[in-house]
Amino acid sequence: MVHAGLAWVSGNVPKTGDSDLYPGKVGADVTLDQAKAAAVLAIQNALAALSHTIGGLDNVIQIVKITVFVASAPGFNLQPQVADAATYFLRDVLQERGSHARSAVGVAELPRNSSVEIELVAAVK
Numbered sequence: 738m739v740h741a742g743l744a745w746v747s748g749n750v751p752k753t754g755d756s757d758l759y760p761g762k763v764g765a766d767v768t769l770d771q772a773k774a775a776a777v778l779a780i781q782n783a784l785a786a787l788s789h790t791i792g793g794l795d796n797v798i799q800i801v802k803i804t805v806f807v808a809s810a811p812g813f814n815l816q817p818q819v820a821d822a823a824t825y826f827l828r829d830v831l832q833e834r835g836s837h838a839r840s841a842v843g844v845a846e847l848p849r850n851s852s853v854e855i856e857l858v859a860a861v862k
C-alpha cells in the first residue's frame, strides 16, 4: 500500500513459492545462522513485494523502517543479530537508500510456523 509517499509492506516470511523455509523457533528448532538466512530471504520477499508495488527499486527514495519479528525459544535474546542480516542485505542492495530505523522483536509464534517475519516502510517516488 502506498500513501503520502510511503509504501507500507506487510509482513513477509522466508518462503520460496509454496515452500516455507526455516520453520520453528530460533534457539530450539532453528540455529542463529539459519535465522539469519531466514531474515535475508524474508527481506528479499519484502523487497520483491515493494518493487512490484512501486514499479521497481529505482523508485525507492529511502527504506524508512523495518520491523523484524523472530519466533524465539525461551531464553533466546539475540534477535538483533537476526535483524542485522536483513539490515546488511538492504544496505548491500540499496546502499545509502537501504539505511533505516529498525526494531527486532522476539515473539512466541509467527504465522505458518515461520521463524522470522519482516515488514517494512519505504519512502518512494
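In our numbering, the protein residues as written are 738 to 862. Ideal Cβ positions, reconstructed from N, Cα and C, are used throughout, including at glycine. None of the values given here were measured: they were computed from a predicted structure.
Which word fits S852, buried or exposed, when buried means at least 16 other C-beta atoms lie within 10 angstroms of its C-beta? Under the 10 Å beta carbon count, S852 is surrounded by 16 or more other beta carbons and is classified as buried.
Per DSSP, which residues does P751 bridge with? Please list them. Partner(s): none; P751 has no beta bridge.
C-alpha distance - I798 paired with A772, whole-angstrom precision: The C-alpha of I798 lies about 28 Å from the C-alpha of A772.
Under the three-state DSSP convention, the category D757 falls into: If DSSP states are grouped into helix, strand and coil, D757 belongs with the strands.
Restricting to Cα atoms, I'd like to know which of L827, N850, A845, P848 is closest to R839. For the residues L827, N850, A845, P848, the minimum Cα distance to R839 belongs to L827.
In chain order, what residues of the same chain lie with their CB nearer than 8 Å to the CB of S809, ignoring the 5 residues before and after it? Excluding positions up to five away in sequence, the list reads K762, V763, G764, Q816, G843, V844, A845.
Would you please state the rounded distance, in angstroms, between the beta carbons of A776 and A744? I believe it to be under 8 Å. With 8 Å as the limit, A776 and A744 do not qualify as a contact, their Cβ atoms being about 20 Å apart.
For H837, which three-state DSSP category applies? Here H837 sits in coil by DSSP.
Alpha helix (DSSP H) segments (min. 4 residues) lying fully within the stretch 762–849: The qualifying runs are 769–791, 816–831.
DSSP-derived helix/strand/coil call for S852: In the structure shown, S852 adopts coil according to DSSP, grouped into three states.
Go ahead and pull the three-state DSSP assignment for A741. Of the three classes helix, strand and coil, the one that applies to A741 here is coil, per DSSP.
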